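Visitor: Positions 1 to 281 (UniProt numbering) are the ones given, in order, by the sequence shown.
For every residue, glycine included, the Cβ atom is placed at its ideal position computed from N, Cα and C.
All values reported here derive from a predicted model rather than from experimental measurement.
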Amino acid sequence: MCIDETTLFSNRDHFSISLKKGGGSRVFEHHSHFQYEFFYILSGHITFEIAGKHFTACEGTIFFLNMAEDHCVYHVSPECTRYVCLISESLLADAVKNPRLHSIFINKNMHIIPAYTFGSHRKSAVTLFFSELLREFEKQDDLWDTQAAVLLNGILLLLYRENKDLFTSCDSDRKRCVLLLYNYIAENLAGDLCLDVLSRVCSLSKYHMTRLFKEVTGSGLKEYIISVRVSEAKNLLCCTDLPITGICERVGFMDVNHFIRTFKKHTATTPFRYRKRLNSL
């Protein structure tokens, strides 16, 4: 069934783009998102801490973060201006049909951040794509969702022609399996996501499914599910007044004590203290 692209583009849970300026040290604590995130730096530089390593992007650099990938903005230069985009897997699958272009979001080498710095001859074109994408998102004129998909594909196509190595090849069956798992996990986060259930979703044995997922994404399947659940719990703690027990159920934990232990293991704090700290900011 075709996804209603207009509804998804208009829903900030599925897509957002913003232009941010300025910064400083320790701008954000460690966090993650329930969407893919990508940046384009117009000026200055920004340093991230990802998997315990620092990664610095300068003017003209575009780079991508996976869903639920824990990171923090370590430092942003005062003159830094950058576009920040978030897009859900369901919208990405509908907007970017070409599997090779889509692959930069799915394939993941845990030791390399997918990033590229455009030369001066390309920066103006990339900047125009992003500025037009932001304008479409803010104004939302007739058929803006169609134009937004065109612009997103244009950004990825330009990047592909500049550096094909970033778009790791992935055969259609392997990619299809990962996409099925991504979508099923996102749509059933509160439900049973045991390996027996997931293996039936993609019609593979548990062994082959977990091995394929690891090879394609760079992340273990069980670890990915936990990171997505913790990421969504953070969002609910931040953006809703749901009690801890309600959030526990919404993100698929059957026992609140197990939820608190898991949350603390991944964030170094409890859900209650995490929310309290956010409310004090």
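State buried or exposed for serine 32, treating a residue as buried only when at least 16 other CB atoms are found within 10 Å of its CB.
Guide: Residue burial annotation: serine 32 is buried, with at least 16 other C-beta atoms found within 10 angstroms of its C-beta.
Visitor: Nearest CA to the CA of serine 43: which residue from Pro78, Ile50, Lys206?
Guide: Pro78
Visitor: Starting from the Cα of arginine 229, find the closest Cα among Arg200, Ser203, Thr267 and give me that residue.
Guide: Thr267
Visitor: Is the segment 151-158 touching the segment 184-200, taking contact as three or more C-beta pairs under 8 Å?
Guide: no
Visitor: Name the residue from Leu236, Val76, Gln35 whose alpha carbon lies nearest to the alpha carbon of glycine 23.
Guide: Looking at Leu236, Val76, Gln35, the one whose alpha-carbon comes closest to that of glycine 23 is Val76.
Visitor: Under 8 Å between the Cβ atoms of glutamate 232 and valine 251?
Guide: Taking 8 Å as the cut-off, the beta carbon of glutamate 232 is found closer than this to the beta carbon of valine 251.
Visitor: By the 10 Å Cβ neighbour count, where 16 or more other Cβ atoms means buried, how is cysteine 194 classified, buried or exposed?
Guide: exposed
Visitor: For tyrosine 83, list the residues DSSP reports as bridge partners.
Guide: Leu19, Tyr40
Visitor: For the segment 138-192, list the alpha helix (DSSP H) runs that are entirely contained and at least 4 residues long, ordered along the chain.
Guide: 144-162, 172-187
Visitor: Does chain D have any CB closer than 8 Å to the CB of leucine 157?
Guide: Included in the structure is just one protein chain, with no chain D present.
Visitor: Drop a sphere of 10 angstroms on the beta-carbon of methionine 67, count the other beta-carbons inside from all chains shown, and report buried for 16 or more, exposed for fewer.
Guide: The residue in question, methionine 67, is buried, as its Cβ has 16 or more Cβ neighbours within 10 Å.
Visitor: Check whether the segment 86-102 and the segment 47-54 touch, using three or more Cβ-Cβ pairs below 8 Å as the test.
Guide: no
Visitor: Would you mind working out which of Ile260, Leu134, Thr245, Lys234 sits nearest arginine 277, comparing C-alpha positions?
Guide: Lys234
Visitor: Distance, Cα to Cα, glutamate 240 vs phenylalanine 38?
Guide: A quick correction: the sequence has threonine, not glutamate, at residue 240. As the crow flies, the alpha-carbon of threonine 240 is around 25 Å from that of phenylalanine 38.
Visitor: DSSP state of leucine 204, grouped into three classes?
Guide: Of the three classes helix, strand and coil, the one that applies to leucine 204 here is coil, per DSSP.
Visitor: Which residue marks the beginning of the beta strand (DSSP E) containing lysine 234, and which one marks its end?
Guide: No beta strand (DSSP E) contains lysine 234, which is instead part of the alpha helix (DSSP H) from 221-239.
Visitor: Check each candidate in Glu59, Gly60, Tyr274, Phe64 and name the one with the smallest Cα separation from phenylalanine 167.
Guide: Phe64
Visitor: If distances are taken between C-alpha atoms only, which option among Cys238, Thr146, Lys139 comes closest to serine 18?
Guide: Lys139
Visitor: Does DSSP classify histidine 121 as helix, strand or coil?
Guide: helix
Visitor: Exposed or buried, proline 114, counting other C-beta atoms within 10 Å across all chains shown (16 or more means buried)?
Guide: buried
Visitor: Under 7 Å Cβ to Cβ from glutamine 147, same chain only, skipping five residues before and after it: list those, please.
Guide: Beyond the five residues adjoining it in sequence on each side, glutamine 147 comes within less than 7 Å, by CB distance, of Glu136 in the same chain, given in chain order.
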